[in-house]
């Protein structure tokens with residue numbers, strides 16, 4: 027008898043995509059596993075083969091998103107030669123994704139609220155922001171070593187840049203009509219970079 031094929035690599039992304047859509051439409055609290063199963067074209071029993079509960083599915087969805095975000099920043103950092111061009115490309119990618127998926131952006135607020143009550147989610151977000159800050163700090167350090175930026179506390183500047191992105195995103199969510207998120211965030215990041223840019227860049 028042939029062994030049953032392992033379809034986890036296809037099923038899990040299929041379920042996560044459906045979960046993102048349903049959570050985006052209904053919210054984390056109101057969404058039901060039955061709705062996610064229907065959206066994924068699977069039975070509820072099949073969903074439970076991969077995720078023991080809705081809470082486990084929510085955690086996996088959050089972890090997957092955070093991993094993808096960090097991977098995207100890592101990719102951008104290898105594609106550009108200067109700190110300014112790298113961060114500008116990252117802001118563009120970050121804001122484009124948010125603007126194209128505005129229907130899902132409120133999920134970020136729900137995740138934050140949930141993390142305030144759940145230790146594992148809070149630990150995941152803390153780990154994410156630590157890694158996020160370290161990646162930005164490394165980009166800044168590369169700029170310092172190349173002579174593009176003056177010597178400075180890269181961790182502090184990285185925190186300022188991340189705060190600019192996250193804070194402006196929240197303000198943008200509430201704004202009507204909505205301005206260009208890319209323009210708003212890049213203006214703040216560029217101002218931060220200008221504050222630490224060297225006045226005598228190396229040739």
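In the working numbering, the protein residues as written are 27 to 229. We put the beta carbon where it would ideally sit given N, CA and C, even for glycine. The structure presented is a predicted model; accordingly, all values stated were derived computationally and were not measured.
Return the chain-ordered list of same chain residues with a C-beta closer than 7 Å to the C-beta of residue i, the five sequence neighbours on each side being excluded.
i           : result
residue 65  : 44, 47, 48
residue 131 : 124, 199
residue 183 : 166, 218, 222
residue 168 : 109
residue 106 : 112, 115
residue 229 : In this prediction, residue 229 has a pLDDT of 41, which is less than 50 and means its spatial position is unreliable; what the coordinates show is noted afterwards. Cβ neighbours of residue 229 beyond the five flanking positions: none.
Among the options, which one has its Cα closest to the Cα of residue i?
i           : options            : result
residue 96  : 86, 159, 167, 214  : 159
residue 212 : 120, 52, 169       : 120
residue 150 : 74, 84, 35         : 84
residue 72  : 36, 117, 189       : 36
residue 225 : 146, 136, 174, 59  : 174
residue 91  : 103, 147, 70, 196  : 147
residue 53  : 140, 220, 118, 144 : 140
Buried or exposed: which applies to residue i, given that a residue is buried once 16 or more other Cβ atoms fall within 10 Å of its Cβ?
i           : result
residue 194 : buried
residue 152 : exposed
residue 163 : buried
residue 142 : exposed
residue 31  : With a pLDDT of 46 at residue 31, under the threshold of 50, the modelled position of this residue cannot be trusted; read the value that follows with caution. It counts as exposed.
residue 215 : buried
residue 257 : The structure shown does not extend to residue 257, since the chain is modelled only from 27 to 229, so the question has no answer here.
residue 62  : buried
residue 209 : exposed
residue 135 : exposed
residue 180 : buried
Residue i lies in the alpha helix (DSSP H); which residues open and close that run?
i           : result
residue 130 : No alpha helix (DSSP H) holds residue 130; DSSP gives it neither H nor E.
residue 149 : 145 to 172
residue 103 : 80 to 105
residue 213 : 207 to 222
residue 202 : Careful: residue 202 lies outside any alpha helix (DSSP H) and carries neither H nor E.
residue 108 : Taken as a continuous stretch (DSSP letters only), residue 108 belongs to no alpha helix (DSSP H), as it is neither H nor E.
residue 61  : 59 to 66
residue 142 : First-last for residue 142: undefined, no H or E at that position.
Excluding the 5 residues preceding and the 5 following residue i in the sequence, name in chain order all residues of the same chain whose CB lies nearer than 6 Å to its CB.
i           : result
residue 170 : 177
residue 186 : 218
Discussion item. Check whether the stretch 35 to 43 and the stretch 63 to 79 are in contact - that is, three or more C-beta pairs closer than 8 Å.
Written reply: By the Cβ rule, the stretch 35 to 43 counts as touching the stretch 63 to 79, because three or more pairs are nearer than 8 Å.
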